[in-house]
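Asks: Be aware that the sequence shown starts at 46, since it is given in my numbering, and climbs by one per residue. This is the structure I have questions about; it appears just below.
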Amino acid sequence: MTFVENALAKARHASSSATGLPALADDSGLCVHVLRGAPGVYSARYAQLLNGGEKSDAANNARLVKELASETDRREYFFSVLVLVCHANDPEPLIAEGRWHGEVIDTPRGANGFGYDAHFLVPSLGQTTAELDPAVKNASSHRAIALRRLLAQLKEVS
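Written out as C-alpha cells, the structure reads:
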C-alpha cells in the first residue's frame, strides 16, 4: 500500500458512504533514506509491526533511534499526500504531495507536536519540529506544501 492509495481510499470512502459530496483526504508519514523509506505508510504503528510491539509515539521513536544507532546517514523527510475527489468514482482525482526534509536526532528536543516531531531536526532552522512555534510548523510542513500544491491545481481547473 502507498500513501496515494491510502489517501485515495479514504477520500472515496468519505464521499461514498459518509456524505455523497466531494471529499478531501490525506495520508502522511516519515521516510528515512537509509531505511529505504521506512517507516513510511507504517509510521503510526512502526514499533507494533516488530513482533507485536507497543503502538505509541514513544515506542515508534525508540525503534527508529535503535535502527539508526550505527548509521551516519540521518536524512529523512515527512511526506504528505492530499487527494480530492469530486465524487466517489471520480476518474481524475486531484493529488498533491509535499516533502519536508530533515535529519533524525537521537535525543528528543521540544514539547510541541506529536509522533516523530521531537526527533525531526530541520537543519535550516536549527530546531526540531517539536521546538518550532506552531505557526512556523504549520506554514512550513509537508502538509502545508501539499496544500499549496493542491490549491494551485484547483486554480488551474476552475
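No residue lacks a Cβ here, since even glycine has one placed at the ideal position from N, Cα and C.
Taking one C-beta from the stretch 137-150 and one from the stretch 90-105 each time, how about it: are there three or more such pairs within less than 8 Å?
Replies: No: the two stretches stay apart, fewer than three of their Cβ pairs being nearer than 8 Å.
Asks: Can you tell me whether DSSP reads isoleucine 150 as helix, strand or coil?
Replies: Residue state, collapsed to three classes: coil.
Asks: With 16 other CB atoms within 10 Å as the buried threshold, where does glycine 223 fall?
Replies: Any property of residue 223 remains undetermined from this structure, which presents the chain solely from 46 to 203.
Asks: Whose C-beta lies closer than 7 Å to the C-beta of cysteine 76 among residues of the same chain, with five residues either side of it excluded?
Replies: These residues qualify, in order along the chain: Gly82, Gly85, Glu121, Tyr122, Phe124.
Asks: Residue range of the alpha helix (DSSP H) that alanine 95 falls in?
Replies: Sequence inspection shows leucine at residue 95; the alanine mentioned does not correspond to that position. First-last for leucine 95: undefined, no H or E at that position.
Asks: Since glutamate 176 and glycine 155 should fall inside the 8 Å C-beta cutoff, what is the C-beta to C-beta distance between them, to a whole number of angstroms?
Replies: Indeed, because the Cβ distance is near 4 Å, the residues count as touching under 8 Å.
Asks: Let me know if arginine 57 comes out buried or exposed under the rule of 16 or more other beta-carbons within 10 Å of its beta-carbon.
Replies: The residue is buried, with at least 16 neighbouring Cβ atoms inside 10 Å.
Asks: If the criterion is Cβ atoms closer than 8 Å, does the pair valine 128 and alanine 59 meet it?
Replies: No, the pair does not count as a contact, with Cβ atoms beyond the cut-off.
Asks: Starting from phenylalanine 48, trace the alpha helix (DSSP H) in both directions and tell me its first and last residue.
Replies: Element bounds for phenylalanine 48: 48-58.
Asks: Please state whether DSSP places aspartate 102 in a helix, a strand or coil.
Replies: In this structure, aspartate 102 counts as helix in the three-state DSSP scheme.
Asks: Going by beta carbon distance, what residues of the same chain come within less than 8 Å of histidine 187, once the five residues before and after it are set aside?
Replies: These residues qualify, in order along the chain: Ser73, Tyr122, Phe123, Phe124, Ser125, Gly143, Arg144, Trp145.
Asks: Would DSSP call alanine 197 helix, strand or coil?
Replies: If DSSP states are grouped into helix, strand and coil, alanine 197 belongs with the helices.
Asks: Leaving out the 5 sequence neighbours to the left and right, which residues in its chain are closer than 6 Å to methionine 46 when beta-carbon positions are compared?
Replies: The residues are Val86.
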